[in-house]
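Colleague: If you count the sequence shown from 1, you need to add 156 to reach our numbering.
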Amino acid sequence: MEFKRIIVLANSYKKTPGRCVAGRELAVDHTVGAWLRPISELPEGELLPSHMKTADRSRIDVLDVIDVPVFAHAGDTIHPEDWRIDTSAQCVRRGRHPINRLRALAESPHELWMDPATRPDRATPNFLARRLHQQSLYLIRPSDFRVELRNEFNPFEGRNQQKRRACFTYREQQYSLGLTDPVFIQKYATRFPGPNRPAIIVRPRRGDDCLLCVSLTPIFNGYHYKVVATVLELS
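1) Rounded C-beta distance between LYS160 and VAL218? I'm assuming under 8 Å.
2) Residue range of the alpha helix (DSSP H) that VAL184 falls in?
3) Based on DSSP bridge pairs, tell me the residues matched to GLU158.
4) Quick one: what's TYR294 bridged to in DSSP?
5) Within 10 angstroms of its Cβ, does ALA178 collect 16 or more other Cβ (buried), or is it exposed?
6) Return the bridge partner residues of LYS382 from the DSSP annotation.
7) Around the Cβ of GLY251, are there at least 16 other Cβ atoms within 10 angstroms (buried) or fewer (exposed)?
8) What is the C-beta distance between TYR169 and PRO338, in whole angstroms, given that I count them as a contact (C-beta under 8 Å)?
9) Find out if the Cβ-Cβ distance for the pair GLY189, GLU197 is shorter than 8 Å.
10) Would you report the Cα separation of THR233 and GLN330, rounded to the nearest angstrom?
11) Indicate the three-state DSSP secondary structure (helix, strand or coil) for ASN342 in the structure shown.
12) Mind the definition here: the segment 232-247 touches the segment 343-352 only if three or more C-beta pairs lie below 8 Å; say whether that holds.
13) How many whole angstroms separate the CB atoms of CYS176 and THR210, which I take to be in contact at a CB cut-off of 8 Å?
14) What are the boundary residues of the beta strand (DSSP E) that includes ASN282?
15) For HIS266 versus ARG327, is the C-beta distance shorter than 8 Å?
16) Taking 8 Å as the threshold (C-beta atoms), are LEU333 and LYS384 in contact?
17) Could you pull out every residue in the same chain whose Cβ sits closer than 6 Å to the Cβ of LYS319, ignoring the five residues on either side in sequence?
18) Ordered along the chain, which non-local residues of its own chain (more than five positions away) have a Cβ less than 8 Å from that of ARG362?
19) Pick helix, strand or coil for ILE356, following the three-state DSSP scheme.
20) Taking just the CA atoms, how far does ASN256 sit from PRO276?
21) Looking at GLY350 and the ligand FMN, is the gap between the Cβ and the nearest heavy atom below 7 Å?
22) Quickly, what does DSSP pair LEU305 with across the bridge? List them, please.
23) Could you give the first and the last residue of the continuous beta strand (DSSP E) run that contains GLN329?
24) Compare the Cα-Cα distances from PRO392 to each of HIS380, VAL303, GLU202 and report the closest residue.
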């Protein structure tokens, strides 16, 4: 077992009651390194509340600096950030990362896993496996960011379904992705329109002065879906 110190940049909804926690490694000299995503032995790797206990009994929040007990790299080429969490030890909270230093963590990939064989909100395993320097997490600066709240008929389930979509533009490409940030949802995105009514559009108070943690999900129905796991408002 070893401890990996990370700045938590995502603590998002996954399979209930699970969460997906991810962050950037932090060295002893405070150099910020690669992404790390602790995962469990559960089928989708989700972390349960029992996995996220800290030695001081505090909850894990975005921007916390924590030491995570891990025992092995998961060996997933599409999710190379994944490390298996060691349940024999607890996370240790070491402090908080200053929000005024977040801008320095923003990344500038040329695109967000744009697979020409499918829609912009997903990618196929074959496409991702061929990518050089594959990573499944990015922290980016969006433009025209807003959330669309919809209540539409789902023909596959035969019923109306409420959906939250994080919509934004990045390098001239428009995206409409699932939103899984529990804090942002509670703050801005709890009110849906009536069935088959026009979408409600919500913009955060600070507009585009934010960073998005964009993540690839585990494979589902043949695709890895793209989600906005965290919205980090900057000012």
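Even glycine gets a Cβ: it sits at the ideal position worked out from N, Cα and C.
Modeller: Result, derived from the coordinates:
1) LYS160 to VAL218, Cβ: 17 Å. No contact.
2) First-last for VAL184: undefined, no H or E at that position.
3) VAL226
4) VAL370
5) buried
6) LEU372
7) exposed
8) 6 Å
9) For the pair GLY189 and GLU197, the CB atoms are not nearer than the 8 Å cut-off.
10) 27 Å
11) The sequence as given places Gln at residue 342; Asn does not occur at that position. Helix, per DSSP.
12) no
13) No, CYS176 and THR210 are not in contact; Cβ-Cβ is about 17 Å, not under 8 Å.
14) Where ASN282 is concerned, there is no enclosing beta strand (DSSP E), although the alpha helix (DSSP H) it sits in stretches over 281-285.
15) yes
16) Note on residue identity: the sequence assigns Val, not Lys, to residue 384. Contact: yes.
17) ARG306
18) GLU389, LEU390, SER391
19) strand
20) 31 Å
21) For the structure depicted, the ligand FMN is absent and the ligand set is empty, with no information on it obtainable.
22) In the DSSP output, where bridge partners are listed per residue, LEU305 has ARG320, ILE356.
23) 329-335
24) No statement about residue 392 is possible, as the shown extent of the chain runs from 157 to 391 and does not include it.
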